[in-house]
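Protein chains in written order, with this note's numbering: chain B, 1 to 159; chain X, 1001 to 1090; chain L, 2001 to 2081. Don't be surprised by glycine CBs; every beta carbon is placed ideally from N, CA and C. Since this is a predicted model, take the numbers as computed values, not measurements. What follows is one structure encoded as structure tokens, with my remarks underneath.
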Amino acid sequence: MKLLQERTEKQKFGESLIIQTAVRMMVPFIQLFGLYVIVHGHYSPGGGFQGGVILGASFVLLALAFDLRTSVRYMSERVNNTLGNVGVLIYTGVAVLCALFGGLFLDYSALDAIIPLGPIAWRSFGIFLVEVGVGLAVMSIMVSLFWDLGSGGEMDEGL
Amino acid sequence: MKALALVATLVTGAILLYGTMDFPAFGDPNAPAAVHLSNNYIEQAVAETHVPNLVTAVLGDYRGYDTMFETVVIYCAGLAVVSVLRRSKS
Amino acid sequence: MIWDLDLLILLLVVSCALAAITVKDLLSATVIFGVYSFLMCLLWAEMGAVDVAFTEATVGAGVSTVLFIAAILHTSRRSKD
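Structure representation (structure tokens):
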């Protein structure tokens, strides 16, 4: 009890133990739901954009409940920027790969020349690859938008 | 000035409401948007792409350019925010 | 599409929009804007556009509210006019 009191006195304004514990328990489930929305976009509403926004919102929630440094410790800025670039690169790379293997630009059935699964299965799988790229890019951009707008570009204090 | 703004808003809203009177009804099978290409997608999308969710099939496959440049637009917005706002401490 | 449910949601949407532009506290306006986004999400879902409703709920009510709050904390909380 005494430990709890000392801890409460040390806390900054606006930080609460209850909110922090609840957020720490919620964040893995939010991220799992975001991945589910991306992967299950073929069969249910959702897809790359919505799932990416949910994944980004989990990091925004961490930064809101703790502070900005905690969310940077979970995913550093360099990793975040790399994920965003890789996301856009996956989309355009799949498109260019289709053109290189004898199809039209963004015609996924041409990828059958690499691994023969059948052109229709490749069209389904190509949509999945593209959605993963969109999800990564959107997650990275939402998180970096919040980091830069919430801290004024300094990335140490803020919100 | 505020009264003028109110009048302008009301007149614009009335014109927009008048414009909706020519729209086809909700779910009308003979609407112009539903007779040309939509039936083709609804009949053949599952056979052509193996994706039961038609929205994903249209966004990811038939309208791939649209989704690609949408992603590029979001990427450019993030790039602009980072390059304008981000400052290193040193 | 059920027209009386539609009418109820549309009336709430209009009252939320009026409240968001008349309230003086910008933080309250942001929260009312989040309510507006959720009502629009309900309207899309009720009309059968589930993907649009999903996007509206995540982007409109989730991320844009947080970005507005971040902007308010760096400027002033009271509206001038």
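Give the C-beta separation of residue i and residue j to the nearest angstrom, bearing in mind that I take them to be a contact with Cβ-Cβ under 8 angstroms.
i, j, result
"Phe2054(L)", "Gly46(B)", "6 angstroms"
"Lys149(B)", "Ala2070(L)", "For the sequence presented, residue 149(B) should be read as Leu rather than Lys. So it is a contact: roughly 5 angstroms between Cβ atoms."
"Gly51(B)", "Gly135(B)", "5 angstroms"
"Ala2005(L)", "Glu2046(L)", "The amino acid at residue 2005(L) is misidentified as Ala; the sequence shows Leu. The pair is a contact, with the Cβ atoms about 6 angstroms apart (cut-off 8 angstroms)."
"Thr2030(L)", "Thr2065(L)", "6 angstroms"
"Trp2044(L)", "Val2052(L)", "5 angstroms"
"Gly103(B)", "Ala110(B)", "2 angstroms"
"Val143(B)", "Val23(B)", "Val143(B) to Val23(B), Cβ: 16 angstroms. No contact."
"Phe101(B)", "Ile114(B)", "7 angstroms"
"Gly2033(L)", "Ala2020(L)", "Sequence check: residue 2033(L) is Phe here, not Gly. Correct: roughly 5 angstroms between the Cβ atoms."
"Val1151(X)", "Tyr1041(X)", "Summary: the structure shown does not reach residue 1151(X), with chain X confined to residues 1001 through 1090, and so no result is reported for it."
"Phe1026(X)", "Met2040(L)", "That belief does not hold up - the Cβ atoms of Phe1026(X) and Met2040(L) are roughly 17 angstroms apart, past 8 angstroms."
Does DSSP put residue i in a helix, in a strand, or in coil?
i, result
"Arg1087(X)", "coil"
"Arg1063(X)", "coil"
"Asp1028(X)", "coil"
"Arg2077(L)", "coil"
"Asp107(B)", "coil"
"Asp2006(L)", "helix"
"Asp112(B)", "helix"
"Asp2025(L)", "strand"
"Phe128(B)", "helix"
"Glu154(B)", "coil"
"Leu1037(X)", "coil"
"Ser71(B)", "helix"
"Met1001(X)", "coil"
"Tyr43(B)", "coil"
"Ser16(B)", "coil"
"Ser2064(L)", "helix"
"Tyr1023(X)", "Reading off the sequence, residue 1023(X) comes out as Phe, not Tyr. Coil at Phe1023(X), not helix or strand."
"Asn80(B)", "helix"
"Val23(B)", "helix"
"Met2001(L)", "coil"
"Gly102(B)", "coil"
"Phe146(B)", "helix"
"Ala1077(X)", "helix"
"Ala1014(X)", "helix"
Residue i: beta carbon under 7 angstroms from a heavy atom of the ligand PLP?
i, result
"Leu1037(X)", "The ligand PLP is not part of this structure, which contains no ligands at all."
I'd like to know whether the C-beta atoms of residue i and residue j end up nearer to each other than 8 angstroms.
i, j, result
"Ile1074(X)", "Val86(B)", "no"
"Glu1048(X)", "Ile120(B)", "yes"
"Ala63(B)", "Gln20(B)", "no"
"His42(B)", "Asn1039(X)", "no"
"Met25(B)", "Glu77(B)", "no"
"Glu171(B)", "Gly1060(X)", "Shown here, chain B extends from 1 to 159; a query on residue 171(B) therefore has no answer."
"Leu2067(L)", "Leu145(B)", "yes"
"Arg1063(X)", "Gly153(B)", "no"
"Met1068(X)", "Ala99(B)", "no"
"Val2063(L)", "Val39(B)", "no"
"Val37(B)", "Thr1071(X)", "no"
CA-CA distance, residue i and residue j?
i, j, result
"Phe125(B)", "Ile90(B)", "13 angstroms"
"Asn80(B)", "Phe128(B)", "21 angstroms"
"Ser71(B)", "Ser2015(L)", "37 angstroms"
"Lys2024(L)", "Glu2056(L)", "26 angstroms"
"Leu2026(L)", "Ala2017(L)", "14 angstroms"
"Arg69(B)", "Ser58(B)", "15 angstroms"
"Gly1095(X)", "Met1021(X)", "In the structure displayed, chain X extends from 1001 to 1090; residue 1095(X) sits before or after that span and is not available."
"Leu55(B)", "Tyr1065(X)", "24 angstroms"
"Thr2022(L)", "Pro28(B)", "39 angstroms"
"Gly2059(L)", "Gln1044(X)", "What sits at residue 2059(L) in the sequence shown is Val, not Gly. Spanning the two alpha carbons is a distance of roughly 32 angstroms."
"Asp67(B)", "Leu2073(L)", "15 angstroms"
"Asn1030(X)", "Ser2079(L)", "49 angstroms"
"Val1051(X)", "Ala1034(X)", "21 angstroms"
"Ser2037(L)", "Asp112(B)", "43 angstroms"
"Gly1019(X)", "Val1011(X)", "12 angstroms"
"Tyr122(B)", "Leu2008(L)", "Reading the sequence as shown, one finds Trp at residue 122(B) and not Tyr. For Trp122(B) and Leu2008(L), the distance between alpha carbons rounds to 46 angstroms."
"Asp1028(X)", "Leu1037(X)", "15 angstroms"
"Ile30(B)", "Gly93(B)", "29 angstroms"
"Pro1032(X)", "Phe1023(X)", "10 angstroms"
"Leu35(B)", "Thr1009(X)", "43 angstroms"
"Trp2003(L)", "Ile1015(X)", "23 angstroms"
"Tyr74(B)", "Leu1085(X)", "22 angstroms"
"Met1001(X)", "Val1007(X)", "10 angstroms"
"Val1046(X)", "Gly133(B)", "23 angstroms"
"Ser1083(X)", "Tyr108(B)", "34 angstroms"
"Ile18(B)", "Phe33(B)", "23 angstroms"
"Leu1017(X)", "Leu97(B)", "48 angstroms"
"Ser16(B)", "Arg2077(L)", "23 angstroms"
"Leu2042(L)", "Ser151(B)", "33 angstroms"
Could you tell me whether the Cβ of residue i comes closer than 8 angstroms to any Cβ of chain A?
i, result
"Met2040(L)", "The structure shown contains no chain A; its protein chains are B, X and L."
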